[in-house]
Amino acid sequence: CSARDIVDILNGDPAIASKILKTVNSPLFAAAGKNVSTLQDAIVRLGFKEVQNVALSTAIFKMFEKGKGRLFDRKEFWKHSMFTSVVAIELGKRLPQLKLKSDELHLAGLLHGIGKIILDTYFTEYFEKCMSLAVHAGIPLYQAEEMMLGINHCELGYMVALNWNLPEVAVNTIRFYSNPQDCPEEFRAVSNVVNLADYIVSSQDFGTAGETLTPNLNKDVWDSVELTADDIYSVIDIVRNNESVLSDIL
Numbered sequence: 041c042s043a044r045d046i047v048d049i050l051n052g053d054p055a056i057a058s059k060i061l062k063t064v065n066s067p068l069f070a071a072a073g074k075n076v077s078t079l080q081d082a083i084v085r086l087g088f089k090e091v092q093n094v095a096l097s098t099a100i101f102k103m104f105e106k107g108k109g110r111l112f113d114r115k116e117f118w119k120h121s122m123f124t125s126v127v128a129i130e131l132g133k134r135l136p137q138l139k140l141k142s143d144e145l146h147l148a149g150l151l152h153g154i155g156k157i158i159l160d161t162y163f164t165e166y167f168e169k170c171m172s173l174a175v176h177a178g179i180p181l182y183q184a185e186e187m188m189l190g191i192n193h194c195e196l197g198y199m200v201a202l203n204w205n206l207p208e209v210a211v212n213t214i215r216f217y218s219n220p221q222d223c224p225e226e227f228r229a230v231s232n233v234v235n236l237a238d239y240i241v242s243s244q245d246f247g248t249a250g251e252t253l254t255p256n257l258n259k260d261v262w263d264s265v266e267l268t269a270d271d272i273y274s275v276i277d278i279v280r281n282n283e284s285v286l287s288d289i290l
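Going by our numbering, the first residue of the sequence shown is number 41, and it counts up by one from there.
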């Protein structure tokens with residue numbers, strides 16, 4: 041399959057083509073040079089895996105664009121998801137010793153909370169009761185889900201991701217991002233980084249994830265990544281300075 045073949049396929053879906061061009065010209069990738077205006081140039085800059093990630097995530101976002109519920113704000117959720125992927129990539133750049141791949145961090149960050157969308161789409165009434173319970177009991181949403189449904193969005197997202205044949209690293213991050221210490225060792229580094237990215241994005245109010253409580257900083261994760269406070273502040277500054285541009289990708 042050549043770049044020309046992929047361009048022909050992507051041109052059949054203007055929404056995906058537009059999202060790819062917005063992404064490649066965003067601060068996330070624009071440092072590589074001047075603005076890109078063609079899909080073929082976008083593929084050259086991003087690479088096949090990143091283009092595949094953007095196309096896949098865009099298709100998923102379109103599939104679940106609108107919900108029936110009143111409590112779960114999907115636009116804010118997608119913003120949270122996208123900013124989590126951006127922060128995860130920026131954290132990965134500061135952890136060269138882990139040799140993390142930006143395309144894996146990108147996809148895992150984008151889809152880490154996909155189970156919430158599944159709950160809101162197909163079990164709207166029960167999901168809203170879980171959200172209300174989390175508020176009134178002052179507990180994380182996944183714990184409220186377990187109490188009311190016997191399953192949480194991480195496990196549900198994991199099952200859906202398996203069914204979609206997503207890459208193993210994304211599947212395992214979706215399942216374990218809230219408790220990365222339980223993640224299989226070969227995928228734990230990505231899960232740790234996405235967990236930390238989720239914490240940073242939540243604490244800085246870059247979108248919302250349907251949670252009323254900001255997740256606590258996981259000490260085991262913090263100890264394992266070996267970052268400094270200055271590293272975190274520099275990532276926050278990059279995202280904050282480019283917030284409006286990044287939000288425009290949605």
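Yeah, the Cβ is synthetic: ideal placement off N, Cα and C, and Gly gets one too.
Asked: Residue burial classification, residue 178 (beta-carbon count within 10 angstroms, cutoff 16); Found: exposed
Asked: 9 Å Cβ cutoff met for residue 284 and residue 255; Found: no
Asked: Same chain, Cβ closer than 8 Å to residue 106, five either side skipped, listed in chain order; Found: 114
Asked: Residue 298 and residue 206 closer than 9 Å at C-beta; Found: The question about residue 298 has no answer, for the chain in this structure spans 41 to 290.
Asked: Residues near residue 169 in its chain [Cβ-Cβ closer than 7 Å; skip 5 each side]; Found: 188
Asked: Rounded straight-line distance, which links the Cα of residue 50 to that of residue 96; Found: 11 Å
Asked: 7 Å CB neighbourhood of residue 161 in its chain, flanking five on each side removed; Found: 104, 107
Asked: Extent of the continuous alpha helix (DSSP H) run through residue 243; Found: 225-243
Asked: Sequence-distant residues of its chain with Cβ nearer than 6 Å to residue 124 (five each side left out); Found: 149, 237, 238, 241
Asked: Reduced DSSP secondary structure (H/G/I, E/B, other) of residue 268; Found: coil
Asked: Residues of its chain near residue 76, where Cβ-Cβ distance is below 8 Å and the 5 sequence neighbours each way are ignored; Found: 61, 64, 65, 82, 85
Asked: Proximity below 9 Å, CB of residue 247 to CB of residue 59; Found: no
Asked: Cβ separation of residue 56 and residue 99, assumed to be a contact under 8 Å, to the nearest whole Å; Found: 7 Å
Asked: Beta-carbon proximity list for residue 276, same chain, < 7 Å, skipping 5 on both sides; Found: 240, 244
Asked: Length of the line joining the Cα atoms of residue 48 and residue 89; Found: 17 Å
Asked: Test item: CB-CB of residue 224 and residue 235 under 9 Å; Found: no
Asked: Candidates 266, 278, 279, 249: closest to residue 117 by CA position; Found: 249
Asked: Status (buried if at least 16 other CB within 10 Å, exposed otherwise) for residue 165; Found: exposed
Asked: Proximity below 9 Å, CB of residue 151 to CB of residue 233; Found: no
Asked: Delimiting residues of the alpha helix (DSSP H) encompassing residue 204; Found: Residue 204 -> no alpha helix (DSSP H), and no H or E assigned at all.
Asked: Rounded separation between residue 52 and residue 102 - CA only; Found: 15 Å
Asked: Residue 280 (DSSP reduced to helix, strand or coil); Found: helix
Asked: 7 Å CB neighbourhood of residue 261 in its chain, flanking five on each side removed; Found: 220, 232, 235, 236
Asked: Range covered by the alpha helix (DSSP H) that runs through residue 152; Found: Counting along the chain, residue 152 falls outside any alpha helix (DSSP H), and DSSP gives it neither H nor E.
Asked: 4 or more residues per run - each alpha helix (DSSP H) lying fully within the region 68-110; Found: 79-86, 88-103
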